[in-house]
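Student:
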Amino acid sequence: MAFPIIMASAPVVASILLWLLLGSPAMLAFALLGPIMATASYAESRRQASAEHRRAQAVFDHELDACIQQARALASDELRRLEAVAAEPCTARGAPPLELQERFCLGSGSVRVRVPMSGELRHLPEDVRARLDHVLTLDDAPVFGAGATFEITGSSRLVLAAARALLVQQPACAGEVRICADASERALAEELSALGRPWRWADAQVPVGGLLLDLSGARDGESSNAAQVRVHVQNASAASVVLENGRRITLRPRFVTAEQLRASGPSRPDGAGQAGIDGQDSGEPRRPASITSPAAAGPTRASGAGLYADLGTLGANGTRLFGVDLVADGPHAVIGGTTGSGKSELLVTWVLALTETRSTREVQVLCFDFKGGATFDPLAELPHCVGIVTDLDAAEAQRAAVSLRAELRERERALRAAGATHIGQLPGLARLVVIVDEYQALVDAGAELHSVFADISARGRSLGMHLVLCAQQPAVAVRATTLANCSIRICLRVVADADSTALIGTASAARLPVDSPGLALVARDNRIAEVQVRHRDRTAVAGFVEAAAQREAHLGHPPPQRPWLPALPTRITLEALVGHGPGLAFGLSDDTEAREQRPARFDPHLGAVAVIGGPRTGKTGCLTALMESARSEPDSVVGWVTVLAGDPEPAWDQLIAADHAAGPGLLLVDDIDALLTGVEEPHRTAMTERLVRLIKASASCSPAVAFSLSRVTGGTAAIVASAAQTLRLVGGDRSAYVMAGGQSSEHDADAPAGRAVWRGRACQVAQASQPIGNRARDAEDATDPLDLIHGESDRELLVVARHPATMRRILEARGFVCTDLADWSAVTSATRGHPERSGSEPGSVQRAVIADLEAWQGRFGILSRLSAEHRVLLSGVTPAEHRSLLRGDPLPPLIVDASRSAVLRHSRGVLERIRWSDQERSLSGP
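The sequence shown begins at 932 in our numbering and counts up by one.
1. Helix, strand or coil: how does DSSP classify residue 1070 here?
2. So, under 8 Å CB-CB, residue 1424 and residue 1544 are touching, yes? Tell me the CB distance rounded to an integer number of Å.
3. Among the residues of its own chain, which have a CB less than 6 Å from the CB of residue 1234, if the five just before and after it don't count?
4. To which residues of the same chain is residue 1852 closer than 8 Å at the C-beta, ignoring the five residues directly before and after it?
5. Restricting to runs no shorter than 3 residues, where is the beta strand (DSSP E) found entirely within the segment 1508-1586?
6. From the DSSP output, in three-state form, read off residue 1777 for me.
7. With distances taken from CA atoms, which of 1834, 1800, 1797, 1801 is nearest residue 1812?
8. Residue 1686 and residue 1660: beta carbons closer than 8 Å?
9. Report the option in 1776, 1752, 1733, 1456 whose CA atom is closest to the CA atom of residue 1746.
10. Taking residue 1743 as the reference, give the member of 1778, 1091, 1473, 1376 with the closest Cα.
11. Just to confirm before moving on: does the CB-CB distance between residue 1650 and residue 1616 stay below 8 Å?
12. Taking all protein chains shown into account, do 16 or more other C-beta atoms lie within 10 angstroms of the C-beta of residue 1369, making it buried, or fewer, making it exposed?
13. Would you grab the beta carbon distance between residue 1657 and residue 1601 for me? Rounded to a whole angstrom, and I think it's under 8 Å.
14. Classify residue 1104 as helix, strand or coil using the three-state DSSP reduction.
15. Report the residue from 1782, 1753, 1693 whose alpha carbon sits nearest the alpha carbon of residue 1737.
16. Under the three-state reduction of DSSP, which class applies to residue 948: helix, strand or coil?
17. Tell me which same chain residues have a C-beta within less than 8 Å of the C-beta of residue 1630, skipping the five on either side of it?
18. Which residue wins for smallest C-alpha separation from residue 1012, given the options 1042, 1849, 1599?
19. Exposed or buried, what is residue 1815 when buried is set at 16 or more other beta-carbons lying within 10 Å of its beta-carbon?
20. Quick check: residue 1161 and residue 1133, are their CB atoms within less than 8 Å of each other?
21. Where DSSP assigns a beta bridge to residue 1657, which residues make up the other side?
22. By Cβ distance, which residues of its chain are closer than 8 Å to residue 1270, with the 5 residues on each side in sequence left out?
23. Run through DSSP, which three-state label would residue 1491 get?
24. Answer yes if the segment 1054-1069 comes into contact with the segment 995-1003, meaning at least three C-beta pairs across the two stretches below 8 Å, and no otherwise.
25. Enumerated in chain order, which unbroken segments of the beta strand (DSSP E) with a length of 3 residues or greater are wholly contained in the segment 1588-1617?
26. So if DSSP puts residue 1387 in a beta bridge, which residue, or which two residues, is it bridged to?
27. Classify residue 1843 as helix, strand or coil using the three-state DSSP reduction.
28. Just how far apart, CA to CA, sit residue 1575 and residue 1641?
29. Cα separation between residue 994 and residue 1046?
30. Since residue 1315 and residue 1294 are thought to touch, with beta carbons under 8 Å apart, how far apart are those beta carbons, to the nearest angstrom?
31. Would you grab the beta carbon distance between residue 988 and residue 1244 for me? Rounded to a whole angstrom, and I think it's under 8 Å.
32. Given residue 1036, which residues of its chain have a CB within under 6 Å of its CB, disregarding the five upstream and five downstream residues?
33. Tell me where the alpha helix (DSSP H) around residue 1341 begins and ends.
34. Quick check: the Cα distance between residue 1662 and residue 1279, rounded to an integer number of angstroms?
35. State yes or no: is the C-beta of residue 1453 within less than 8 Å of the C-beta of residue 1421?
36. Assuming residue 1528 and residue 1070 form a contact by the criterion Cβ under 8 Å, report the distance between their Cβ atoms to the nearest whole angstrom.
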């Protein structure tokens, strides 16, 4: 909108003229009114125009939403119509014929709904038209060919299967079939001859390995004017088609086996098919001769169009077939019914109907049986069945259910990589139907399974994953988030009205007769139908399974893989795990949700690891595996490996060794709780503090630390809390496992040795090839005490002993001249000399001054003064008594058995432990 310049300038001109005429400057003030009023008028006009535009846009958006809703309804109706046409038996297409463009179904693919647009719809913006086109495009709908002449090329067996799919759609009254094929494709002619179907060779050119079918029904001597449809079968899930109008599309082809072709019509052109030949078609859809027949009269819908399945007949004694489509009516279903109502039979019937006309590239089935494991036994050899999981192995069942999350993620990645939004745009990915018998028992086995199935129910539609959940009380067993996505609801006989009402909105299922198992009420699209479920005996099921296996072998499809990995083995060799990678491999980790089993590795840079487990759970084996891995890993960051001794005394010496603080290494401590139990205070506290310092520093400097213990107690809590990584062995005592921080659900008293939880995942520790090594030091390996206590001959050895007589005998056996402290003090007093300087004899004679603790304490301070020049031997003296005698000394070495060891203090203040030999211990006497 332009600014009103004339409106703004007119008052200015008028005010100037008035000023010139009247000579009053006040007239010039009126010049301001023009621009002000013009600006206000312009702003008001813009505001009104903006408001009008918003109102118009809101009206447009509302009408567009209504148009899109109408288009969506038209698309849904068109999809149902196309699927209904594809589901009609060939006799229903005989006379009068259907419109030409819907004569033969080629498979499923993208179809644009033909909706005429008039008025303003023809002038829509491009973005709005794109929205309408998206709604009006059916991504997984039956695709029909208007022609009656088909040129099919591709793999030999796929060409034959595609040709049979066209032949089953040609009624017997349509006349003879004309075939043109090279020698490799003439098997079709033999099959037609065996069926008694009229055919003859056609005179036309055909590509090598190809097949030409003329299904126009032209009589002999006549030529077909129908345009030719060219089909090139790329694989079992995709074919490129050039339609009669020249349009090129890619679709999922329809296949039929030789067995299905024989079942689709009479083997002779008379009998049941005579009415069609005579043109007296009754108009009724053709049905199987018996409800228990393993071979249906033919495919009820195009094999690629959704997941339609005939479940039975309408009414208790009806003859009209009834079916549901998990794609169009679903995507999920829930079944309720009391014991003996026919739930299991319904599930088996559903599985057979789903796989009857589809290959394993189109649909696969995973069955959970949680009421004994016999429901799905007849389907064990069905090629489409990727697994049958029962409550007889609860752990395996939970693994299979949790692995479905990984299946969701893999399908999402596949769609994203292909640039697709749903599975209908990715023909190579088969739909997966998860069928659960007794859903309540399954989810009771693991609390997280509720969220797994809720996730599938929310995202499964576009990813091609469908649920069929069966329970006695579905409204109670299935959570609301999952139940809300189950559009198909089937209720067999139930006991209470409330169970029926909660599932299908009416109490009628509670009044179904007891003597009619398999009679059910099916609710879908706000309509309820009474259906008698088809019954198949074991012989018929076995025949069906055998036929399906032959069909898959004929198509050359490899057997589908089950969507979960096998359980961890109970025995793993370390050689299979060692390789390039960070840290030290010690076992195999199982990531159930990601469906991966990879080496479990201890990374020293992340900190120390605590291995917690009871007796015979494999904690020592884990440390041994770490030791062997450190020595065999090609890129190991560990230079040396030290195993802390199990004897407290050498373990104390190892902990205070200076080499533990330098260089890359690995320190292993087995049964750390048992080690500390054998140590008295204050050494226990000192050892604990030393271990805590080593553990905390292991992430930033050497050595790396790995230790094991049976349970977490007050004395070991600080050590366990210092470890950055924890491996919990799931066997042993449940209460000890929970106290160590584990979940009660993870515990398994029957678990094999080495089964653990590592970083939240199950893990199996590898079996080491050798024991962990010597964990104690023998007394014979200690330094000879004679070399330690013998020193300079002019300096006495001062001895503090709890049992002086025993120490006297030991030292005299070593060649010492022993003197009591009282006698030695008397001699030095008589000579008025210092005790440390008197009484020395020339030569190499060693003198020892012996007294008990009370005697030395009675001479306050003398031992501290003399220790600067004399060595002091302390036997049977506690650390507190040691510090009271020799103030300023550090904590002495650990002494567990005073009869075997003593502490020697050198004049330099160095404290050292010495051990007596067995012979010297025998001198203790009474």
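For glycine and all other residues, C-beta sits at the position ideal for the given N, C-alpha and C. Keep in mind that this is a model prediction, so the values were computed, not measured.
Tutor: Quick answer:
1. Translated into the one-based positions of the sequence shown, residue 1070 becomes position 139. It is a strand residue.
2. The count along the sequence shown starts at 1 and reaches residue 1424 at position 493. The count along the sequence shown starts at 1 and reaches residue 1544 at position 613. That pair is no contact at about 51 Å.
3. Residue 1234 sits at position 303 when you count from the first residue of the sequence shown. Annotation note: pLDDT 37 at residue 1234 (below 50); position unreliable, coordinate value reported separately. Hits under 6 Å: 1185, 1288, 1289.
4. Translated into positions along the sequence shown, residue 1852 becomes position 921. So the list reads 1830, 1831, once near-sequence residues are dropped.
5. 1515-1522, 1527-1533, 1540-1543, 1571-1574
6. If you number the sequence shown from 1, residue 1777 lands on position 846. Three-state DSSP puts residue 1777 in a strand.
7. For this step, residue 1812 is matched to residue 881 along the sequence shown. It is 1834 whose Cα lies nearest to the Cα of residue 1812.
8. Position 755 of the sequence shown, counted from the first residue, corresponds to residue 1686. Position 729 of the sequence shown, counted from the first residue, corresponds to residue 1660. The answer is yes: Cβ separation under 8 Å.
9. Residue mapping note: residue 1746 aligns to position 815 of the sequence shown, counting from 1. Closest by alpha carbon: 1776.
10. Residue numbering aside, residue 1743 sits at position 812 when the sequence shown is read from its first letter. The shortest Cα separation from residue 1743 among 1778, 1091, 1473, 1376 belongs to 1778.
11. Translated into the one-based positions of the sequence shown, residue 1650 becomes position 719. Translated into the one-based positions of the sequence shown, residue 1616 becomes position 685. Cβ atoms of residue 1650 and residue 1616: not closer than 8 Å.
12. As a position in the sequence shown, residue 1369 is number 438, starting the count at 1. Label assigned to residue 1369: buried.
13. Start at 1 with the first residue of the sequence shown, and residue 1657 comes out as number 726. Start at 1 with the first residue of the sequence shown, and residue 1601 comes out as number 670. Actually they do not touch by this definition, with Cβ atoms about 16 Å apart.
14. Here residue 1104 corresponds to residue number 173 of the sequence shown, with the count starting at 1. Residue placement at residue 1104 is flagged as unreliable, the pLDDT there being 49, under the threshold of 50; the coordinate-derived value follows with that caveat. Here residue 1104 sits in helix by DSSP.
15. Your numbering for residue 1737 matches position 806 in the sequence shown. The residue with the shortest Cα to Cα distance from residue 1737 is 1782.
16. If you number the sequence shown from 1, residue 948 lands on position 17. Helix, per DSSP.
17. Locating residue 1630 in the sequence shown gives position 699, counting from the first residue. Closer than 8 Å at the Cβ level, and outside the excluded window around residue 1630, lie 1535, 1536, 1537, 1538, 1539, 1655.
18. Reading the sequence shown from its first residue, position 81 is the one you call residue 1012. Residue 1042 is the option with its Cα nearest to residue 1012.
19. Position 884 of the sequence shown, counted from the start, is the residue given in the question as residue 1815. Exposed is the call here.
20. Looking up residue 1161 in the sequence shown gives position 230. Looking up residue 1133 in the sequence shown gives position 202. Taking 8 Å as the Cβ cut-off, residue 1161 and residue 1133 do not qualify as a contacting pair.
21. If you number the sequence shown from 1, residue 1657 lands on position 726. Per DSSP, 1541.
22. Translated into the one-based positions of the sequence shown, residue 1270 becomes position 339. Hits under 8 Å: 1403.
23. Your numbering for residue 1491 matches position 560 in the sequence shown. DSSP places residue 1491 in coil when its eight states are reduced to three.
24. yes
25. 1596-1600
26. Start at 1 with the first residue of the sequence shown, and residue 1387 comes out as number 456. For residue 1387, which the question treats as bridged, DSSP gives no partner whatsoever.
27. Translated into positions along the sequence shown, residue 1843 becomes position 912. Strand at residue 1843.
28. Indexing the sequence shown from 1 puts residue 1575 at position 644. Indexing the sequence shown from 1 puts residue 1641 at position 710. Spanning the two alpha carbons is a distance of roughly 17 Å.
29. Numbered from 1 along the sequence shown, position 63 holds the residue referred to as residue 994. Numbered from 1 along the sequence shown, position 115 holds the residue referred to as residue 1046. Approximately 17 Å between the Cα atoms of the pair.
30. To locate residue 1315, count along the sequence shown from 1; it is residue 384. To locate residue 1294, count along the sequence shown from 1; it is residue 363. Indeed they touch by this definition, with Cβ atoms about 6 Å apart.
31. Residue mapping note: residue 988 aligns to position 57 of the sequence shown, counting from 1. Residue mapping note: residue 1244 aligns to position 313 of the sequence shown, counting from 1. With 8 Å as the limit, residue 988 and residue 1244 do not qualify as a contact, their Cβ atoms being about 53 Å apart.
32. Walking along the sequence shown from the start, residue 1036 turns up at place 105. Contacts found: 1017, 1073, 1075, 1233.
33. Taking the sequence shown and counting its residues from 1, one reaches residue 1341 at position 410. Unbroken alpha helix (DSSP H) run through residue 1341: 1335-1349.
34. Residue mapping note: residue 1662 aligns to position 731 of the sequence shown, counting from 1. Residue mapping note: residue 1279 aligns to position 348 of the sequence shown, counting from 1. So the alpha carbons of these two residues sit roughly 39 Å apart.
35. In the sequence shown, the residue the question calls residue 1453 occupies position 522. In the sequence shown, the residue the question calls residue 1421 occupies position 490. Going by C-beta atoms, residue 1453 is nearer than 8 Å to residue 1421.
36. As a first step, residue 1528 must be located in the sequence shown, where it is residue number 597. As a first step, residue 1070 must be located in the sequence shown, where it is residue number 139. 36 Å between Cβ atoms; not a contact.
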